[in-house]
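**Student:** Numbering (the working numbering), first residue to last: 238 to 376.
(1) Around the Cβ of residue 333, are there at least 16 other Cβ atoms within 10 angstroms (buried) or fewer (exposed)?
(2) Got a sec, what are the start and stop residues for the alpha helix (DSSP H) residue 353 sits in?
(3) Quick check on residue 282: does DSSP put it in helix, strand or coil?
(4) For the beta strand (DSSP E) that residue 336 lies in, which residues bound it at each end?
(5) Locate the beta strand (DSSP E) running through residue 360, then write down its first and last residues.
(6) Measuring straight from C-alpha to C-alpha, what distance separates residue 330 and residue 352?
(7) Could you name the residues of the same chain whose beta carbon sits closer than 6 Å to that of residue 260, not counting the 5 residues immediately before and after it, in chain order?
(8) Taking one C-beta from the region 296-312 and one from the region 253-273 each time, how about it: are there three or more such pairs within less than 8 Å?
(9) In the DSSP output, which residue or residues are listed as bridge partners for residue 307?
(10) Can you give the Cα-Cα distance for residue 247 and residue 291, rounded to whole angstroms?
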C-alpha cells in the first residue's frame with residue numbers, strides 16, 4: 238500500500254479545526270498488524286499496533302521545528318520539520334503514522350501514514366528523513 242492522507246484530517250483542516258502553524262505534530266512507528274483506512278480512521282484510537290519497538294516511546298516522537306510556508310515556485314503549501322530519530326530501538330515497523338497531538342485520544346488527529354516497507358531494526362537508531370520538498374505538500 239502506498240502512503241496516504243487521512244480524509245478526516247483533510248476535513249478538519251478545511252473546517253479550520255487544525256492550525257498546522259501551532260500544532261504539536263508527532264510520528265509513531267506502527268507494525269504491519271495495522272491496516273490504514275483513509276475513510277474511517279480519524280484519531281490514534283483507531284491504531285492498536287503502536288509501540289511495536291523496544292525503546293519506542295508510547296505515542297512516538299514529536300517532529301521538531303515544524304513550519305508551514307507557501308512555495309511560489311511549485312505553487313503549494315508546505316509543512317516542513319526536522320528529520321526524526323528513534324534511538325536504540327528493536328522492532329519491525331511497517332508504517333510511520335504522523336498525527337497531531339491533542340488533549341485526548343479523540344483529538345489526536347491522524348494526518349498521514351508513510352509506508353516503510355519491510356525491515357527489521359535491532360538495537361539501533363532508526364531515522365526518518367523527510368523529502369526535501371517537505372513532510373506534506375498541499376497542491
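The beta carbon of each residue, even a glycine, is placed where N, CA and C say it ideally should be.
**Tutor:** Quick answer:
(1) The residue is buried, with at least 16 neighbouring Cβ atoms inside 10 Å.
(2) Segment: none, residue 353 is in no alpha helix (DSSP H) and carries neither H nor E.
(3) helix
(4) 332-337
(5) Unbroken beta strand (DSSP E) run through residue 360: 358-365.
(6) 9 Å
(7) 337
(8) Yes: the two stretches touch, three or more of their Cβ pairs being nearer than 8 Å.
(9) 314
(10) 32 Å
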